[in-house]
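Novice: Questions regarding the structure given below will be posed in turn.
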Amino acid sequence: MMFDLRGKTAIVTGSTKGIGKAIAEAFAKQGANVVVSSRKADVVEAVTKDINENHADHGGKAIGIPCNIAYKEELEKLVSETRKAFGQIDILVGNAAVNPYYGSSLDIPDSAFDKIMNVNIKSNHWLCSMVIPEMKERRDGVIIIVSSIGGHRGSTVIGGYCISKAADMQLVRNLACEFGGHNIRANAIAPGLIKTDFARALWEDPKFRAKSEAQAPLNRIGEPEEIAGLAVYMASKEGSFLTGQTISVDGGVTISGGG
Ligand code: NAP
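Here it is, written out as structure tokens:
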């Protein structure tokens, strides 16, 4: 079977809704053991139960571990509890991210700037550092970071967030170079505008949405499930020669002149 993830264990941060949840479900469908995670324990439990009910016959199992990726000790717990349950981590998806500020770069409070850099960059770096040693030992491992097309473009209103997303692209390039010799592959996904709560303010704004749709050759915004298949490809044997790359899944927005 192509895209077979049976026998693999994946951690997906921020996997109780939106893109992370779609990735966790897609992994479960391909037979992986999946660790569902976000800040809210009750939601983690509900999504884990759902995945186990819907994908019981695909070979894997889901467990839930609440984790706020902002805190190193919570990331350590995420990793150690996963190892306790499944023995190892084959696939890490750094999906959770924050954007607490919308406005001019001249006015962003230091606290918001620091939060964006810490959660969107440093936490991914921490988590990668926690799982890469065991991947090195096994000479096998997959890192996937969910970045954004915002990391490819300048922005007048979410500049700090876009800096962090560009850094995520560099993070996977660095990891790909440093650990490629150990058969560890690191790639990023850069979604365009996707219909999730995170981007609700954008796609619910009729003017912004119309502009986004007009810029996209496919003339629409995306759904979380349209990101998940790429994560499956990156995680599976079929993606074994792909590393250090950022792939945009954006309805063509970034290749279009808007005409
Ligand atoms: P979403 O639907 O709002 O889901 C975010 C998930 O992350 C939730 O499960 C949330 O659960 C969790 N989360 C938030 N903060 C967290 C934290 N500090 N620690 C752990 N979990 C946390 O968002 P999404 O649109 O799917 O976004 C996922 C990724 O896609 C992000 O990296 C985002 O930058 C990227 N992205 C999104 C779009 C878009 O248009 N939607 C475009 C480009 C890139 P809790 O609230 O329970 O913690």
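With numbering that gives the first Met the number 0 applied, the sequence shown corresponds to residues 0 to 258, in that order.
Glycine is no exception: its CB is placed at the ideal position from the N, C-alpha and C atoms.
None of these values were measured; they are calculated from a predicted model.
May I ask which residues mark the beginning and end of the beta strand (DSSP E) holding residue 132?
Specialist: If you number the sequence shown from 1, residue 132 lands on position 133. Counting along the chain, residue 132 falls outside any beta strand (DSSP E), though it belongs to the alpha helix (DSSP H) covering 122 to 137.
Novice: Exposed or buried, residue 217, counting other C-beta atoms within 10 Å across all chains shown (16 or more means buried)?
Specialist: Locating residue 217 in the sequence shown gives position 218, counting from the first residue. The residue is exposed, with fewer than 16 neighbouring Cβ atoms inside 10 Å.
Novice: Using a C-beta cutoff of 9 Å, does residue 85 count as contacting chain C?
Specialist: Looking for chain C here will not work: only one protein chain is present.
Novice: On the CB-based measure, 16 or more other CB atoms within 10 Å of its CB, does residue 48 come out buried or exposed?
Specialist: The residue you call residue 48 lines up with position 49 of the sequence shown. Exposed, by the Cβ-count rule.
Novice: Kindly indicate which three-state DSSP category residue 186 falls into: helix, strand or coil?
Specialist: Counting from one through the sequence shown, the residue named residue 186 turns up at place 187. Here residue 186 sits in strand by DSSP.
Novice: Skipping 5 residues on each side, what residues in its chain have a beta carbon closer than 6 Å to that of residue 215?
Specialist: Residue numbering aside, residue 215 sits at position 216 when the sequence shown is read from its first letter. Around residue 215: 250, 251, 252.
Novice: Would residue 140 and residue 188 be called neighbours here (beta carbons separated by less than 9 Å)?
Specialist: One-based indexing of the sequence shown puts residue 140 at position 141. One-based indexing of the sequence shown puts residue 188 at position 189. Not a contact, by the Cβ cut-off of 9 Å.
Novice: How many whole angstroms separate the CB atoms of residue 122 and residue 192, which I take to be in contact at a CB cut-off of 8 Å?
Specialist: For this step, residue 122 is matched to residue 123 along the sequence shown. For this step, residue 192 is matched to residue 193 along the sequence shown. With 8 Å as the limit, residue 122 and residue 192 do not qualify as a contact, their Cβ atoms being about 24 Å apart.
Novice: Please tell me whether residue 223 and residue 18 are closer than 9 Å, where the distance is taken between their beta carbons.
Specialist: Along the sequence shown, read from residue 1 onward, the residue named residue 223 stands at position 224. Along the sequence shown, read from residue 1 onward, the residue named residue 18 stands at position 19. Contact flag set, yes.
Novice: Of the choices 211, 143, 207, whose alpha-carbon is the least far from that of residue 173?
Specialist: Your numbering for residue 173 matches position 174 in the sequence shown. Comparing Cα-Cα distances from residue 173 to each of 211, 143, 207, the minimum goes to 143.
Novice: What is the DSSP secondary structure of residue 117, reduced to helix, strand or coil?
Specialist: Counted from its first residue, the sequence shown places residue 117 at position 118. Here residue 117 sits in helix by DSSP.
Novice: Given that a residue counts as buried once 16 or more other Cβ atoms are within 10 Å of its Cβ, and exposed if not, what is residue 32?
Specialist: Here residue 32 corresponds to residue number 33 of the sequence shown, with the count starting at 1. Buried is the call here.
Novice: Closer than 8 Å to a non-hydrogen atom of the ligand NAP - does that hold for the CB of residue 189?
Specialist: Taking the first residue of the sequence shown as position 1, residue 189 is located at position 190. Under cutoff, so the answer is yes.
Novice: Would you identify the three-state DSSP class for residue 211, choosing helix, strand or coil?
Specialist: As a position in the sequence shown, residue 211 is number 212, starting the count at 1. Correct three-state label for residue 211: helix.
Novice: To the nearest angstrom, how far is it from the Cα of residue 254 to the Cα of residue 148?
Specialist: As a working note, residue 254 is residue 255 in the sequence shown. As a working note, residue 148 is residue 149 in the sequence shown. Rounded to whole angstroms, residue 254 to residue 148 spans 11 Å at the Cα level.
Novice: Name the DSSP bridge partner or partners of residue 40?
Specialist: For the purposes of this step, residue 40 is taken as residue 41 along the sequence shown, with counting starting at 1. Residue 40 is not bridged to any residue.
Novice: Verify the contact flag: residue 113, CB atom, against every heavy atom of the ligand NAP, threshold strictly below 8 Å.
Specialist: Stepping through the sequence shown from its first residue, residue 113 is reached at position 114. False, no ligand heavy atom lies under 8 Å from that Cβ.
Novice: Report all residues from its chain with a CB closer than 6 Å to the CB of residue 65; omit the five preceding and five following residues, and keep chain order.
Specialist: Translated into positions along the sequence shown, residue 65 becomes position 66. 40, 43.
Novice: As a quick exercise: from 156, 12, 186, pick the residue whose alpha carbon is nearest that of residue 169.
Specialist: In the sequence shown, counting from the first residue as 1, residue 169 sits at position 170. The option with the nearest alpha carbon to residue 169 is 186.
Novice: How long is the line joining the alpha carbons of residue 131 and residue 137, rounded to whole angstroms?
Specialist: Reading the sequence shown from its first residue, position 132 is the one you call residue 131. Reading the sequence shown from its first residue, position 138 is the one you call residue 137. About 10 Å.
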